[in-house]
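Heads up: the structure comes next, in structure tokens.
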Amino acid sequence: MRADESIYLIGEEVAEYNGAYKASKGMLDEFGEKRVVDTPISEAGFGGIAVGSTMTGNRPIVEYMTFNFCLVGIDQIINNAAKIRQMSAGQFSCPIVFRGPTASGGQLGATHSQAFENWFANTPGLKVIVPSTPYDAKGLLKAAIRDNDPVIFMESEQMYGDKGEVPEGEYILPIGVADVKRKGTDVTVVSFGKIIKVAHEAAATLEKEGISIELIDLRTVRPMDTKTIIESVKKTNRLVILEEAWPFGSVATEITYRVQQEAFDYLDAPVHRINTADTPAPYSSVLLEAWLPNAKDVVASVGAEIKSVYLSFSYVGFNTKVVRVNPRTGFLKIKLKEESSVLDEVVVVTKPKKRLKKKENPAYPILREVWKRKRKNGLDFADGYQYKKHIITQIGLNNVDSTLYKTVNKLKRRKEDFEIPYDEQGRPYLPFYIEERKYDVYGRSNPKIKKENLTAERREGMAEKSFMFDRLSNVLNRPINIYKNHIMLLRKSFVSPIASSGFQTYDYVLYDTLKNKKGRDQYRIFFFPRQDADLAFEGNVLIDSESYAVSKIRMKTHKDVNMNYVRNLELEKEYYIENDSVFYPKSFGYKVDFTLISKNENNRGMLIERFTHFKDYKIGDPKEIDFYKEKVIKYRPDQFKKSDAYWQADAISKTHKDIYKTVEDFKSNKKLKQISSFFNIISSGYFNATENWQLGPFWLMLQENQVEGVKICLWVGRGAENGIRTTDKTGLTFDKQFTIGINDLPQSISYAYNTGTKYVEATANDGSIDNTKYITVTVEGLTFKGANGATLTAGTDFTTIGNYQVRETGKAIGTSGLNNYIYEFSDGSRVTQNKNLPAPTKLITKRANSIPSGLTMVVTKLSATTAKITFTGKATAHQRVTGVVGGTDDSVNNVTVTFNNSAFTGSPNISAVAGKSKNDIAIEYLYNPPVFSYQYTQTNNLFAEDNIPGEIGSNFKLHIKVKNASFIGANDFIFTKGTHFTTANVPDGLTMNVRKRTADGGYLLVGFTGAANSHSADDDVENVTITLLPTILNGNYDLSGVITKTKNNIKIVFDAPTVSIATGLYDDILRESNNGKFDKNGDSVLIKVSNSTFSSSVAKDALFTLNTHYTINGTVPNGLTLALKKSSTKLIQVYLTGTANPHTSASDADLRVTFLPAIFEGNPAADKIIGSTQTIKVRFND
1 MRADESIYLI GEEVAEYNGA YKASKGMLDE FGEKRVVDTP ISEAGFGGIA
51 VGSTMTGNRP IVEYMTFNFC LVGIDQIINN AAKIRQMSAG QFSCPIVFRG
101 PTASGGQLGA THSQAFENWF ANTPGLKVIV PSTPYDAKGL LKAAIRDNDP
151 VIFMESEQMY GDKGEVPEGE YILPIGVADV KRKGTDVTVV SFGKIIKVAH
201 EAAATLEKEG ISIELIDLRT VRPMDTKTII ESVKKTNRLV ILEEAWPFGS
251 VATEITYRVQ QEAFDYLDAP VHRINTADTP APYSSVLLEA WLPNAKDVVA
301 SVGAEIKSVY LSFSYVGFNT KVVRVNPRTG FLKIKLKEES SVLDEVVVVT
351 KPKKRLKKKE NPAYPILREV WKRKRKNGLD FADGYQYKKH IITQIGLNNV
401 DSTLYKTVNK LKRRKEDFEI PYDEQGRPYL PFYIEERKYD VYGRSNPKIK
451 KENLTAERRE GMAEKSFMFD RLSNVLNRPI NIYKNHIMLL RKSFVSPIAS
501 SGFQTYDYVL YDTLKNKKGR DQYRIFFFPR QDADLAFEGN VLIDSESYAV
551 SKIRMKTHKD VNMNYVRNLE LEKEYYIEND SVFYPKSFGY KVDFTLISKN
601 ENNRGMLIER FTHFKDYKIG DPKEIDFYKE KVIKYRPDQF KKSDAYWQAD
651 AISKTHKDIY KTVEDFKSNK KLKQISSFFN IISSGYFNAT ENWQLGPFWL
701 MLQENQVEGV KICLWVGRGA ENGIRTTDKT GLTFDKQFTI GINDLPQSIS
751 YAYNTGTKYV EATANDGSID NTKYITVTVE GLTFKGANGA TLTAGTDFTT
801 IGNYQVRETG KAIGTSGLNN YIYEFSDGSR VTQNKNLPAP TKLITKRANS
851 IPSGLTMVVT KLSATTAKIT FTGKATAHQR VTGVVGGTDD SVNNVTVTFN
901 NSAFTGSPNI SAVAGKSKND IAIEYLYNPP VFSYQYTQTN NLFAEDNIPG
951 EIGSNFKLHI KVKNASFIGA NDFIFTKGTH FTTANVPDGL TMNVRKRTAD
1001 GGYLLVGFTG AANSHSADDD VENVTITLLP TILNGNYDLS GVITKTKNNI
1051 KIVFDAPTVS IATGLYDDIL RESNNGKFDK NGDSVLIKVS NSTFSSSVAK
1101 DALFTLNTHY TINGTVPNGL TLALKKSSTK LIQVYLTGTA NPHTSASDAD
1151 LRVTFLPAIF EGNPAADKII GSTQTIKVRF ND
């Protein structure tokens, strides 16, 4: 519709409502109400309007809500659209598309579930298209719109949501060509439209049974591609036809007839057809399912085509294999698989000393099934969700020796028999901090948003602000997806134990099988890293034996893994298995063992444990966006504190009762406070400067690993949190950082498009940018300033100055020879060019604002380390009509953004940061192809013979205008056939000539010279063609997809009466002589006729009779009579008699005189008279 203004869409609710199925969404806004037309509920009415408009040069698209509704207007399709070309003897074509849904759309009842493909295909003059994929739908719809005959384009409301790959560029699929969707050798299956999905399903089932299906999608029912069907049947020798329509008189019937006629000897079995039941469609869902064809029907029909038997092959210790054998089966090669993957129980006590090959390992077939069926977190796909979350955190000192513990014990209870607790590794353990929190969590996936409402909390201990706790909360609490091949922990990438490449990193041992609570078997597989220092885990995983989903996994790192201060890291995850594709988290826990000296197992360390439990999932019922933005504010420290009875009622909390008592007793002792002060410094990194203020953290300055040993680092930038902060006792939220020293963190800025490789203009084609495509900016070692959603300041936080290319028109500075100008550009370059051609243009590189005029770059913070770049406004110049060479293209690929120090927290010096500038941001505008329009100078819309036999009258011309481009050459520039345009069907002896006129914005003037060799009435032509070539335009555009470049219905008429105004004092004006009188001798209009004479029944100087020889359209001024006198056989004198009353200028009149056939000799047909209507103007003096 952008390329051809004669195309418009009409139908019920296609405009304001965007179509019953939103197929015309946005079209009203782009094309306006004259080209997207809402109609009343009157299919016969708007169908007739559309058919009639085709005869005036339009190409309508008629949309029916469903083809069931077209029946009340089917007369317009069958008796008008389909027959116009034949009934007008080819004078009119009917380029129209009728489109809408067909066949069953679900439980819609008998009158809304009918398929009419065979009805329309039974009508000569109609073409019928029924696509089944998005690719076919687009390519065939374009072909249908461009076709000059009526096309029935039938869709399905159940397929409007289907997705498929569709090329971005222009493409057209030919009408009448089937598509082999699946190649095969055993049976040909022919289908079309929505029901072909059933054929695909059946083909996949049959493939497992060794039967190869060749599936043909007709796409076009009429004309039918019989050739493709016949060629396939000759190969497979069998045919099954699947069609969603009644069987009697169906498309399947026609296919069957053609195959038996042309390929009967190739058939090894009768043709089978599968249709709906031969009844109206039922409403009941159960009956409707039985009424429609399904995959089982196809499988059964194919089975009837191929008579088969089954052979079973078995051997002890191997899986049994069943093979289908039919008469076409040749030699068989049978290979049985061992039963290792289905053993009830395998017990392996230790890690094998000798590593098994992958396919020899009993764990391999189990893990292979896990890889095939990787699960996804169901919360990522839920429209809405809510659940409860319970977090328990503990911090303590482990590897506590008995001397220290006894000292603590004496201070605490003055007893020597205090029992020392131990951790899971059997090491003495002293807890000094515990915390619990409960949340109600709400979220939705689109847009991805979540809020957590704190509902209860309690804590006890000595270190309520811990850097280790905060650091691990931020790092380890990030979602960890074990189904991915790599897991990021503490900025290191670990290989997942169930990665598809896991056998390269791990040894696996299938240990045993366990029963879960539901009585289902679960495989327990242990895994070990092949090398202790690998970024990998050791542990075990439980895998469900039926769904092959991971239900629980426990894993830990080896102490040799290089992580600062981390001696051991343990993770545990458990899942609710919702179905075969998704899971929901059940619990997630981690334990981290820190040591400040070395990773020796006997050294003291600090143990941090955190376990999160999830329950009471509710999926669905998404809330409004504002609900998620409302946060529960904590305005006092004890706001969410609950009683002991509340916590003891919780089964999970109850198990930690003794820990709370121990921690509470420890912190009340003065000596233990000294120990707790040390713990606070170690855990938080801050020293208490006063009761209310702390200085730190020291841990940023001290690092150690086994490769480099102990090292001291001073930090500046994102990682530098050195400074002053408040304690909890102040009640303030002040938190200010001061940075000193040298930055040791790697810093970088990177850019990535969220989709594609460039920005593109919005579909409104108004210069605005489609901001669903944008660049994400990611920083390392830096932090964007401001709140999430805030925008950075242009010119301060970032600049857009860069090397920018602008298209510049050369300035004429002199001449070269007689016919050439010398043009100069601002960069000093010069071009010499013919003076008749437009001034040359050139892309000039300048250092300036790189953003196209009218657009503004916006940088919005998304998170601490990410931002996105978008554009607002509308580009002033946004043309893209580039052809093969040259053309106008305002698209750019060198927009520049440079970030400044102020864009980041602390304004760090980023002068040497990699990626601070990006200078290749691309913006591409929509392609605007040229559009040509044609207009005749004479109302008959044709060319006619003049008085000289065979010659075309000089007053017969065709004007050609162009939009989105301009024609080359100066005024009266004559274009060359074969170089600038081509012609066809021009009568011998005539030559089409094309010249340029610069008036009215520039247009082409098309006429004919010479004399036709044959020029009788029988030599009339109506298919003279002109095709414009790219060279006729400035810019040499690509016109391959431009329909309007060709006009193929130019009409030339010979030997036809041609009427025109000859001469007179004022040509076509009768002007008052005096006092309302007109002088017939001094002021008259002469009418001449060519290729004929005026009737001999009227004598010379006699008057012709009104309504017999001519008619007048318009009012003759009062008191006057218009007279037509025969002056000769070739001339008529037109004049006024009488006296006008009144005779002021208000009585001026334009009289349209139409010459009837009787005024000419021989009484010719009315449609053969050229210029039969002429306008005579009556003008008074005052």
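Position 34, counted from 1, in the sequence shown is what UniProt numbering calls 34; the numbers after and before it change by one each time, with no gaps. Glycine residues also receive a C-beta, built at the ideal position from the N, C-alpha and C atoms.
Length of the line joining the Cα atoms of residue i and residue j
i, j, result
"Y823", "P838", "11 Å"
"T111", "N68", "7 Å"
"M701", "T595", "With a pLDDT of 49 at M701, under the threshold of 50, the predicted position of this residue should be treated as unreliable, though the coordinate-derived value follows. Computed Cα separation, rounded: 16 Å."
"I968", "P134", "40 Å"
"G741", "L792", "Since pLDDT at G741 reaches only 36, below the 50 mark, its modelled position is unreliable, and no value is offered."
"I487", "A903", "31 Å"
"G384", "K448", "10 Å"
"L126", "D179", "21 Å"
"G73", "P60", "16 Å"
"I1061", "K34", "37 Å"
"K785", "L1029", "57 Å"
"M55", "V97", "14 Å"
"V1085", "V1134", "5 Å"
"D1079", "A984", "51 Å"
"R273", "K227", "19 Å"
"M468", "F432", "Note that M468 has pLDDT 47, beneath the 50 cutoff, so the model's placement of it is unreliable and no number is given."
"E16", "G176", "35 Å"
Whole-angstrom C-beta distance between residue j and residue i, which should lie under 8 Å
i, j, result
"K552", "E574", "5 Å"
"P505", "R524", "A small correction: the amino acid at residue 505 is Thr; Pro does not occupy that position in the sequence shown. Their Cβ separation, rounded to whole angstroms, is 20 Å, which puts T505 and R524 out of contact at 8 Å."
"F387", "K615", "One detail in the question is off: residue 387 reads as Tyr in this sequence, not Phe. So it is a contact: roughly 7 Å between Cβ atoms."
"I1087", "V1059", "6 Å"
"G396", "Y429", "6 Å"
"A115", "I129", "About 14 Å; that fails the 8 Å criterion."
"Q747", "I910", "7 Å"
"G32", "K25", "No, G32 and K25 are not in contact; Cβ-Cβ is about 15 Å, not under 8 Å."
"Y21", "Y160", "5 Å"
"A382", "A295", "Contact doesn't hold; Cβ gap of about 30 Å is too wide."
For residue i: DSSP bridge partner residues
i, result
"K808", "In the sequence on display, residue 808 carries Glu and not Lys. Paired residues: K842."
"T1154", "T1111, T1173"
"D38", "G11"
"F528", "D507"
"residue 1189", "Here the chain has residues from 1 to 1182 only, and residue 1189 is not among them."
"I775", "Y753, I869"
Neighbourhood of residue i by C-beta distance below 6 Å, restricted to the same chain and skipping five residues each side
i, result
"K1051", "L942, E1022"
"V1116", "L1122"
"S132", "G193, I196, D217"
"L288", "P282"
"D147", "none"
"L990", "F1008, G1010, A1012"
"T188", "E214, S232, V233, T236, L239"
Cut-off 7 Å between Cβ atoms - residues of its own chain near residue i, not counting five sequence neighbours on either side
i, result
"D544", "R520, Q522, S551, I577"
"K773", "Y753, N754, T755, G756, Y759, V760"
"L1103", "A1123, L1124, K1125"
"R997", "N971, Y1003, L1005"
"S1095", "A1158, I1159, F1160, E1161"
"S1016", "F1054, D1055"
"L809", "Per the sequence shown, the amino acid found at residue 809 is Thr instead of Leu. Result list for T809: A839, T841, in chain order."
Residues near residue i in its chain [Cβ-Cβ closer than 8 Å; skip 5 each side]
i, result
"E1072", "F1078, A1140, H1143, R1179, F1180, N1181"
"S587", "E572, K573, E574, F611, T612, H613, F614"
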